[in-house]
Amino acid sequence: MSATARGHGMTLAEKILARASATESVVPGQIVEGTVDLAMMHEQGAQTVQPFHEMGATRVWDPDRVVIAIDHWVPASTEGAAVLHRILRKFADEVHLPHFYDVGNHGICHQILAENGWVVPGDLAVGTDSHTNMLGAMGAVAAGIGPTEMAAVLALGRLWLKVPPTLRIEVRGTLGPGVTAKDLVLRTLGEVKTTGATYKAVEWTGPTIAKLGMPERLTICNMTTEMGAKCGMVAPDGTTMEYLARTAKHAMHPLQPDADASYERILRLDVDGMPPMVACPYSPDNVRPLPEVAREHIRVDQAFLGSCTNARIEDLREGAAILKGHKVHPRVRFIVSPASTAIYRQCLSEGLVDLYTEAGAVFTNSSCSACFGGNMGIIAPDEVCASSSNRNFPGRMGPKEGRIYLMSPAATVAAAIRGELADPREYA
Amino acid sequence: MREIIEGRVWTLGRDVDTDQIISGKYLTIIDPNVLKTKVLEIGLPEFASQSRPGDILVADANFGSGSSREHAPQALRAAGVGAIVADSFARIFYRNSINLGIPTIEAPGVRALFERFDPARIDMRAGSVTNVRTGRSISFPPLPPHLIDLLEAGGLVEKVRRELAARHPPAGTMPR
Ligand code: SF4
């Protein structure tokens, strides 16, 4: 169901961009210069160094607002990756960037930002990765940019932005047992599609969202990237403030959307009775109810529980609860990769590493791992992977024919046990 | 920025994402001249070996979706692509492409106008794309002034370089 609301107030994205550009109010389509609160780089940041020098820049505008977190190839698995890391380390030394999450203290860049309080309510944050959207869960505008643009941000501390129109997604109802925030965002993608929010801001709201914890909000904001959105966010509330209470790195501005804000579109969803969902090859919006797809007995060769979307401690506990008392199917390679070193250590102390490895999984170091087909966990052309990640485009895990099904952590584990796609509720 | 851009067209479908433009396995390569030999390996495999400088890409909706990898427009620039025209673009690709100085034009409906190797003519000021073989053409809203500035400077690097230079004049220049 869709509707349009017209008022004179501002949406959350508009409020934040008005603050960032020090103006009273902004309207969609307006071009503003925004002051950046936080800039994040991962390996792609290596491509920032050359344009930074070509611009004639010598100093970074504010080294305390720059985070470098390497994650795609950690530790370096190829010579090329080693060189990228080397370029970043040298650059960080040269221009004095102290916040470098290097091997041993590493994790997926977005998770590093989330768990260390680098992005707080009201911020304008940018990162050299498309899933920077995830940090919108803090009540911030967080967007991905390319490395040349990042060079300009490092030099000037600001960038131009076109104020996006906002798609408001109001969710009500209760997620049933075995049905998660991941299923909610997949279902939403099935409706909004991969181009439905292109250039737009997505504002998640409603009683169901209010009840979600921060890890779940991070998951639903993460996949607004797959909708094409510039940013996705949840307005800050008590849950947000509590999460950031001890870690916030700078002042918080818990802005709220106005009651009479203008939305380009309002999508209303009810999750009562919603089954687990799955995105089938080759697009994250090719979404169907998982029980229906499971009836087709789709054989799985690899299962991947990892990525910035779903590899937090809560996700790994959710998976462990399903796996307990079962074994990984002998035909399946099951890869579990926590999203950060902190989560890795938490898994050790909770006995989750034992639980996963005893069942036959490989429990890896924290990194992007099998998510992007460039490091490890590559599949063969005729193989299928059940994955808790966010993309299933052709070639995402290596060969263009490889088939990836996207689902919740619980469903990923259910597939690892059965050796084919399965409804996780049968294992609860 | 040239006001009139002419070239031979390569056509592409919808949702050509950055994995199809530069596959994940090549992301540790940063030399554009190597990247160009891998460009569109999944999306249009014959392009890398058969394209000529000045060729124009005409794509359907959502070109460049997926990751923020600038390798994608960099490889296309290194291959000498004269312009990219699409029914629509994914946002990060669009920004990256403009920042690199590639004329990047959103013209809804343009894909239907072209077949492979048709000659195209783009008028940047007037805002039109014409298929010179069929004579059919489509208009697009001219780019906003700040994007024209960016393309005219030859991309973001040069634009920021000028700005920083104006802020810190080299030693010996008189303050204005
Ligand atoms: S986990 Fe996957 S989606 Fe997330 S940053 Fe890494 S490669 Fe990108």
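As given, the protein sequences belong to chains A and B, one line each in that order.
According to the working numbering, the first sequence is numbered sequentially starting from 628.
According to the working numbering, the second sequence is numbered sequentially starting from 17.
Glycine residues also receive a C-beta, built at the ideal position from the N, C-alpha and C atoms.
In terms of DSSP beta bridges, what is residue i paired with?
{"i": "P916 of chain A", "result": "A:M904"}
{"i": "F727 of chain A", "result": "A:I695"}
{"i": "G734 of chain A", "result": "A:S967"}
{"i": "A99 of chain B", "result": "B:I72"}
{"i": "P135 of chain B", "result": "B:R24"}
{"i": "I1058 of chain A", "result": "The question about residue 1058 of chain A has no answer here: the residues shown for chain A are numbered 628 through 1055."}
{"i": "F79 of chain B", "result": "B:F105"}
{"i": "W831 of chain A", "result": "A:I796, A:V861"}
Return the first residue and the last residue of the alpha helix (DSSP H) that residue i is part of.
{"i": "T815 of chain A", "result": "808 to 819"}
{"i": "R177 of chain B", "result": "172 to 183"}
{"i": "R958 of chain A", "result": "No alpha helix (DSSP H) contains R958 of chain A, which DSSP labels as neither H nor E."}
{"i": "A1065 of chain A", "result": "There is no way to answer for residue 1065 of chain A, as the model of chain A reaches only from 628 to 1055."}
{"i": "E842 of chain A", "result": "Inspection of the sequence shows that residue 842 of chain A is occupied by Pro rather than by Glu. Looking at the DSSP string, the run of the alpha helix (DSSP H) that includes P842 of chain A is 841 to 849."}
{"i": "L943 of chain A", "result": "940 to 950"}
On the three-state DSSP scale, how would you describe residue i?
{"i": "G1046 of chain A", "result": "coil"}
{"i": "A640 of chain A", "result": "helix"}
{"i": "N1017 of chain A", "result": "coil"}
{"i": "D47 of chain B", "result": "coil"}
{"i": "T120 of chain B", "result": "strand"}
{"i": "R926 of chain A", "result": "strand"}
{"i": "E62 of chain B", "result": "coil"}
{"i": "P191 of chain B", "result": "Only weak support exists for where P191 of chain B lies, its pLDDT of 45 falling under 50; the coordinates are left without a value."}
{"i": "N147 of chain B", "result": "strand"}
{"i": "D1009 of chain A", "result": "coil"}
{"i": "R716 of chain A", "result": "helix"}
{"i": "D165 of chain B", "result": "helix"}
{"i": "I772 of chain A", "result": "coil"}
{"i": "T825 of chain A", "result": "coil"}
{"i": "R785 of chain A", "result": "strand"}
{"i": "S996 of chain A", "result": "helix"}
{"i": "D887 of chain A", "result": "coil"}
{"i": "S976 of chain A", "result": "helix"}
{"i": "V659 of chain A", "result": "strand"}
{"i": "A1041 of chain A", "result": "helix"}
{"i": "D899 of chain A", "result": "coil"}
{"i": "D33 of chain B", "result": "strand"}
Tell me which residue opens and which closes the beta strand (DSSP E) that residue i is part of.
{"i": "M667 of chain A", "result": "665 to 668"}
{"i": "E86 of chain B", "result": "Per DSSP, E86 of chain B belongs to no beta strand (DSSP E) and is neither H nor E."}
{"i": "M860 of chain A", "result": "858 to 861"}
{"i": "Y1032 of chain A", "result": "1030 to 1033"}
{"i": "L613 of chain A", "result": "Any answer about residue 613 of chain A is impossible in this case: the structure gives chain A only from 628 up to 1055."}
{"i": "I154 of chain B", "result": "153 to 155"}
Just the chain B side, please: which residues come within less than 8 Å of residue i by C-beta, in chain order?
{"i": "E818 of chain A", "result": "What E818 of chain A touches in chain B: nothing, since even the nearest Cβ is about 17 Å away."}
{"i": "S757 of chain A", "result": "G82, S83, S84, I108"}
{"i": "K857 of chain A", "result": "R107"}
{"i": "W787 of chain A", "result": "H162"}
{"i": "L711 of chain A", "result": "T44, I46"}
{"i": "P678 of chain A", "result": "L172, V173"}
{"i": "F727 of chain A", "result": "Under the 8 Å cutoff, chain B gives no residues; its nearest Cβ is about 19 Å from F727 of chain A."}
So residue i and residue j are in contact, right, with Cβ under 8 Å, and what is the actual spacing, rounded?
{"i": "R30 of chain B", "j": "M682 of chain A", "result": "Their Cβ separation, rounded to whole angstroms, is 35 Å, which puts R30 of chain B and M682 of chain A out of contact at 8 Å."}
{"i": "R167 of chain B", "j": "G96 of chain B", "result": "Just to set this straight, residue 167 of chain B is Leu in the shown sequence, not Arg. Contact flag wrong, Cβ pair sits at about 17 Å."}
{"i": "L982 of chain A", "j": "L950 of chain A", "result": "7 Å"}
{"i": "L28 of chain B", "j": "L73 of chain B", "result": "6 Å"}
{"i": "L816 of chain A", "j": "M850 of chain A", "result": "6 Å"}
Which residues in chain A sit within 8 Å of residue i, going by Cβ to Cβ distance?
{"i": "E86 of chain B", "result": "Q671, Q674, G773, P774, T775"}
{"i": "I45 of chain B", "result": "G707"}
{"i": "R111 of chain B", "result": "I772, G773, E776"}
In chain A, which residues lie with their C-beta within 7 Å of the C-beta of residue i?
{"i": "T150 of chain B", "result": "Near T150 of chain B there are no residues of chain A at all, since even the closest Cβ is about 27 Å away, more than 7 Å."}
{"i": "A77 of chain B", "result": "T822"}
{"i": "I58 of chain B", "result": "P1021, G1022, K1027"}
{"i": "N115 of chain B", "result": "G773, T775, E776"}
{"i": "L172 of chain B", "result": "T775, E776, A779"}
Residues of chain B with a CB under 7 Å from the CB of residue i: which are they?
{"i": "Y826 of chain A", "result": "R107"}
{"i": "K838 of chain A", "result": "Neighbours of K838 of chain A on chain B: none; closest Cβ ~31 Å, over 7 Å."}
{"i": "I658 of chain A", "result": "P160, H162"}
{"i": "F1020 of chain A", "result": "D33, D35, G82"}
At a CB-CB cut-off below 9 Å, which residues of chain B make contact with residue i?
{"i": "L783 of chain A", "result": "V176, E179, L180"}
{"i": "E1028 of chain A", "result": "Ordered by position in chain B, no residue passes the 9 Å Cβ test against E1028 of chain A, which lies about 10 Å from the chain."}
{"i": "G766 of chain A", "result": "By Cβ distance, chain B contributes nothing, its closest Cβ being about 21 Å from G766 of chain A, past 9 Å."}
Residue i touches chain A at which residues, Cβ-Cβ below 9 Å?
{"i": "V50 of chain B", "result": "Correct list: empty, because the minimum Cβ distance to chain A is about 10 Å."}
Is any beta-carbon of chain E found at less than 9 Å from that of residue i?
{"i": "H953 of chain A", "result": "This model lacks chain E altogether, as its protein chains are A and B."}
Hey, is residue i close to the ligand ADP, as in C-beta under 8 Å from one of its heavy atoms?
{"i": "N112 of chain B", "result": "No copy of the ligand ADP occurs in the structure displayed; its ligands are the ligand SF4 alone."}
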